[in-house]
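Reading through the structure tokens given below for one structure.
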Amino acid sequence: MSISTEITIRNVTFKNPVLTASGTFGYGLESPDYVDVSQLGGVVTKSISRKPRDGNPPQRIAETPAGMLNSIGLANVGVDVFLNEKLPALRKVNATVIVNIAASSIEEYAYVLERCEEHEGIGGYEINVSCPNVKDGGLSFGTNCPAVAEMTRELRGRTEKLLAIKLTPNVTSIGEFAHVCEAEGADAVSCINTFVGMDIFVDSRRPKIATITGGFSGPAILPMALAKVYEVRKAVSIPIIGIGGITTAEDALKFLIVGASLVQVGTALFIDPGAGPTIAEGIVAYMERNGITSLTELIGSLDTSLQPSLIAAGWE
Amino acid sequence: MMYLETVAVDYTKEVAENVWVIGFRSARITEVLRPGQFLNIKPDSSYDPLLRRAYSVHRVDGDKIELIYNVHGKGSAIFAAKRPGDPLDVMGPLGVPFRLDGKFKKGILVSGGLGIAPMPILGEALHQRGYDVVNIHGARNASMIVQDDRLRNPHYATDDGSLGLHSNVVQAVEHYLDRDHSNDSVRLFACGPNKMLDSLTEFCANRDLDLKVSLECQMACGIGICQGCPVEMKRGNRKYTLVCMHGPNYDVGDLVLESLPTEHG
Ligand SMILES: Cc1cc2nc3c(=O)[nH]c(=O)nc-3n(C[C@H](O)[C@H](O)[C@H](O)COP(=O)(O)O)c2cc1C
Ligand code: FES
Numbered sequence: 240m241s242i243s244t245e246i247t248i249r250n251v252t253f254k255n256p257v258l259t260a261s262g263t264f265g266y267g268l269e270s271p272d273y274v275d276v277s278q279l280g281g282v283v284t285k286s287i288s289r290k291p292r293d294g295n296p297p298q299r300i301a302e303t304p305a306g307m308l309n310s311i312g313l314a315n316v317g318v319d320v321f322l323n324e325k326l327p328a329l330r331k332v333n334a335t336v337i338v339n340i341a342a343s344s345i346e347e348y349a350y351v352l353e354r355c356e357e358h359e360g361i362g363g364y365e366i367n368v369s370c371p372n373v374k375d376g377g378l379s380f381g382t383n384c385p386a387v388a389e390m391t392r393e394l395r396g397r398t399e400k401l402l403a404i405k406l407t408p409n410v411t412s413i414g415e416f417a418h419v420c421e422a423e424g425a426d427a428v429s430c431i432n433t434f435v436g437m438d439i440f441v442d443s444r445r446p447k448i449a450t451i452t453g454g455f456s457g458p459a460i461l462p463m464a465l466a467k468v469y470e471v472r473k474a475v476s477i478p479i480i481g482i483g484g485i486t487t488a489e490d491a492l493k494f495l496i497v498g499a500s501l502v503q504v505g506t507a508l509f510i511d512p513g514a515g516p517t518i519a520e521g522i523v524a525y526m527e528r529n530g531i532t533s534l535t536e537l538i539g540s541l542d543t544s545l546q547p548s549l550i551a552a553g554w555e
Numbered sequence: 056m057m058y059l060e061t062v063a064v065d066y067t068k069e070v071a072e073n074v075w076v077i078g079f080r081s082a083r084i085t086e087v088l089r090p091g092q093f094l095n096i097k098p099d100s101s102y103d104p105l106l107r108r109a110y111s112v113h114r115v116d117g118d119k120i121e122l123i124y125n126v127h128g129k130g131s132a133i134f135a136a137k138r139p140g141d142p143l144d145v146m147g148p149l150g151v152p153f154r155l156d157g158k159f160k161k162g163i164l165v166s167g168g169l170g171i172a173p174m175p176i177l178g179e180a181l182h183q184r185g186y187d188v189v190n191i192h193g194a195r196n197a198s199m200i201v202q203d204d205r206l207r208n209p210h211y212a213t214d215d216g217s218l219g220l221h222s223n224v225v226q227a228v229e230h231y232l233d234r235d236h237s238n239d240s241v242r243l244f245a246c247g248p249n250k251m252l253d254s255l256t257e258f259c260a261n262r263d264l265d266l267k268v269s270l271e272c273q274m275a276c277g278i279g280i281c282q283g284c285p286v287e288m289k290r291g292n293r294k295y296t297l298v299c300m301h302g303p304n305y306d307v308g309d310l311v312l313e314s315l316p317t318e319h320g
């Protein structure tokens, strides 16, 4: 039985559906002793901004049961250093590179994307919309549907490469956001970025991270992330990149079955930087066991036939 | 080279009040390990606690490795309950080692509490390179002092005077230097609570002494992929240094020590 784990979106063919999530694998170059990045479906870079960013003051992380909070503040080297130093190194190790972009205005997103367009070796873009929008008083782009629509339109007009919009789960209806991305020509939506979370010390009565609230990630969020992917699956027909708490092949399979075409592994890489290829192997083993030869047979194969009464009762 | 491997626990034992050591073997790690480096260890395979914990390597003997820790949270309680033969998921060695070269004759190794962790290996490395080595180790009281006859020239200080000098560890350093008169040819290496590092920094600045510090800080990845472990720098083109990747060993003059989070907020 010959098994194919290849997935093509727009003009990028991913050799398997497992990518590293933005901000959880540096620039893909820091852990050569633990993982061969050419064995990954792809590497999504740390969010890249127009200028280098120092990021937030310490404390930036806190551990929670089965999860963690972070307030990194998009610390990154900026687009120039990324393109001149990191990208050439990533090309040498044969990684499929998706550049994640962060900005505080649509012009700035467009600037970073256009700078990237001048360079070879980028497979596509993932747009982090969980960034403060200066035009909108610093409220996140990601919670403003018209802003996401306008941004997608502007960026679509500037590239022929794969364009994925990374959605925040911190909205009432993520499906509406996915819908405007699809309508404006995005090739995929990445679901999801971190949930807003918080933790404090009761003795000192102080927050555990400097920004008081932060991004909540890790195994604890998997069921919530899966529900978001399910909601988006019903709203759009473009490919979904499933993200949130994925640690094992079984976790990844859940996202594929619910309807994601690709998955990203984030927090789990802090425990095992080599988790990506291991998960990809586990997916192949599952396909072998179940006589599945192509991922397309698996993607969106969720069987809800036993729940008709719940659906009728408005549980959708 | 860094490794990710599952080793078997040889032993755990309590060496002072609430201070434990855990021993295991890894020929690959001991072969490349340098003084001041740390290992990132997953207490067990569960999701709670989720992350690895960073531990400086306390002792090495052939392929044997010993770590030292307090039991104060979920992760360390799991360590303390390990039995011989239990698996331990170890990543490392990580971090930039101590700088051992330079113009000094004597290394003064200053540790508060668990700050003793990297000192035995550092002391041996300095000794082998021909430097004199002195250890000054402080804790709250005698029962919390790690008394180890393998430490080179140990001097102790306790807050309650129950062992050694009745003083904090910085006063003990002052006391030692005032008797020793070797100010101009010493380098201090320090590890311990941030408050201790703060006052030692001030002391060394006043006397123009060369001080290297080994920082402890909470980490998520330990290898530079999360940006979770920043400490502010006084100079340089970046505002922050990442303790796991550029540290944990620094020249104290490079750091804004006030930017270190204090223990538990
Ligand atoms: C420490 C940390 C840093 C992150 N940085 C970014 C980032 O720069 N850009 C981004 O789009 N997402 C970032 N994320 C979000 C992850 O890419 C991912 O969407 C989220 O963590 C959920 O997946 P997980 O549970 O597998 O970690 C970050 C997450 C963590 C934990
Ligand atoms: S702990 Fe992740 S970068 Fe230092």
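These protein sequence lines map, in sequence, to chains A and B. If you're matching positions, the first sequence starts at 240 in the numbering used here and goes up one per residue. If you're matching positions, the second sequence starts at 56 in the numbering used here and goes up one per residue. In this text, a Cβ means the ideal position worked out from N, Cα and C, and glycines have one as well. No experiment lies behind these values; they were computed from the predicted model shown.
Notebook entry, point to check: Using the C-alpha atoms, what's the distance from B/LYS161 back to A/VAL182?
Noted result: The displayed coordinates of chain A run from 240 to 555. Any statement about residue 182 of chain A would go beyond what the structure contains.
Check: Since B/SER81 meets chain A, which of its residues come closer than 9 Å, beta carbon to beta carbon?
Finding: Near B/SER81 there are no residues of chain A at all, since even the closest Cβ is about 15 Å away, more than 9 Å.
Item checked: Residues of its chain near B/ALA109, where Cβ-Cβ distance is below 6 Å and the 5 sequence neighbours each way are ignored -> PHE93, ASN95, MET274 and GLY277
Margin query: Rounded to whole angstroms, what is the Cα-Cα separation between A/GLU357 and A/GLY483?
Written below: 32 Å
Checklist line | Assumed close pair A/GLY521, A/LEU279 - CB separation to whole angstroms, cut-off 8 Å | finding: The pair is not a contact, with the Cβ atoms about 14 Å apart (cut-off 8 Å).
Check: In the structure shown, what three-state DSSP assignment does B/HIS319 receive?
Finding: A caution first: B/HIS319 carries a pLDDT of 49, below 50, which makes its placement in the model too unreliable to give a value.
Checklist line | Cβ of B/LYS294 within 7 Å of any chain A Cβ | finding: yes
Checklist line | Secondary structure of A/VAL419, DSSP reduced to three states | finding: helix
Check: Just the Cα atoms here: how many angstroms apart are B/ASP214 and B/LEU264?
Finding: 24 Å
Check: I think A/THR284 touches A/VAL338, with their Cβ atoms under 8 Å apart; what is that distance to the nearest whole Å?
Finding: 5 Å
Check: At a CB-CB cut-off below 9 Å, which residues of chain B make contact with A/ASN309?
Finding: ALA275, CYS281, GLN282 and GLY283
Notebook entry, point to check: Relative to ligand 2, is the shortest distance from any of its heavy atoms to the C-beta of B/ALA275 smaller than 6 Å?
Noted result: yes
Item checked: Residues of its chain near A/GLY294, where Cβ-Cβ distance is below 6 Å and the 5 sequence neighbours each way are ignored -> ILE311, GLY312 and ALA314
Check: Taking the runs of the alpha helix (DSSP H) that are 4 residues or longer, which of them lie wholly in the region 217-277 of chain B?
Finding: 224-235 and 249-262
Check: Can you round the beta-carbon distance between A/VAL351 and A/SER261 to whole angstroms, since I take them to be within the 8 Å contact cut?
Finding: Not really, about 14 Å apart at Cβ, beyond 8 Å.
Check: Using the beta-carbon of each residue, which ones in chain B are nearer than 8 Å to A/ALA314?
Finding: GLN282, PRO285 and TYR295
Check: Would a check of beta-carbon distances place A/ILE300 closer than 7 Å to chain B?
Finding: yes
Item checked: Any chain B beta carbon closer than 7 Å to A/GLU269 -> yes
Note to self: Within the continuous alpha helix (DSSP H) that includes B/HIS182, where are the two ends?
What the structure shows: 174-183
Checklist line | B/GLY279 Cβ short of 6 Å to ligand 2 heavy atom set | finding: yes
Note to self: Threshold first: 3 residues or longer. Then list the beta strand (DSSP E) segments lying entirely within the region 359-443 of chain A, N to C.
What the structure shows: 363-367, 401-406, 427-430 and 434-437
Next item on the list: Answer yes or no: does any C-beta atom of chain A fall closer than 7 Å to that of B/ILE96?
Entry: no
Next item on the list: Give me the Cβ distance between A/GLY381 and A/LEU406, rounded to the nearest whole Å; I'm assuming they're in contact under 8 Å.
Entry: 7 Å
Notebook entry, point to check: Say the cut is 6 Å; is the CB of A/SER270 nearer than that to a heavy atom of ligand 4?
Noted result: By its list of ligands, the structure shown excludes ligand 4, since it contains just ligand 1 and ligand 2.
Checklist line | Backbone CA spacing between B/SER269 and B/GLY91 [nearest angstrom] | finding: 7 Å
Next item on the list: Verify the CB distance criterion: does B/LEU310 have a CB-CB separation below 7 Å to chain A?
Entry: no
Margin query: Within 7 Å of any Cβ in chain A, is that where the Cβ of B/ILE278 sits?
Written below: yes
Margin query: Less than 7 Å between the beta carbons of A/ALA341 and A/ASN367, yes or no?
Written below: yes
Check: Would you call A/VAL332 buried or exposed, if buried means 16 or more other Cβ atoms sit within 10 Å of its Cβ?
Finding: exposed
Notebook entry, point to check: chain A beta carbons: is any one of them nearer than 7 Å to that of B/MET57?
Noted result: yes
Note to self: In whole angstroms, give me the CA-to-CA distance for B/HIS319 and A/ASN432.
What the structure shows: Any reading at B/HIS319 must be qualified, since the residue scores a pLDDT of 49, below 50, and its modelled position is unreliable; no value is offered.
Check: Cβ atoms of A/VAL373 and A/ILE404: under 7 Å apart, would you say?
Finding: no
Note to self: Taking 7 Å as the threshold (C-beta atoms), are A/ALA464 and A/ALA417 in contact?
What the structure shows: no
Next item on the list: Specify the secondary structure class of A/MET463 as computed by DSSP and reduced to three states.
Entry: helix
Item checked: Contact residues within the region 509-530 of chain A, judged by C-beta distance below 8 Å to chain B -> PHE509, ILE510, ASP511, PRO512 and GLY513
Check: What's the C-alpha gap between A/GLN517 and A/VAL504?
Finding: Here residue 517 of chain A turns out to be Thr, not Gln, going by the sequence shown. If I take the Cα positions, the gap works out to 11 Å.
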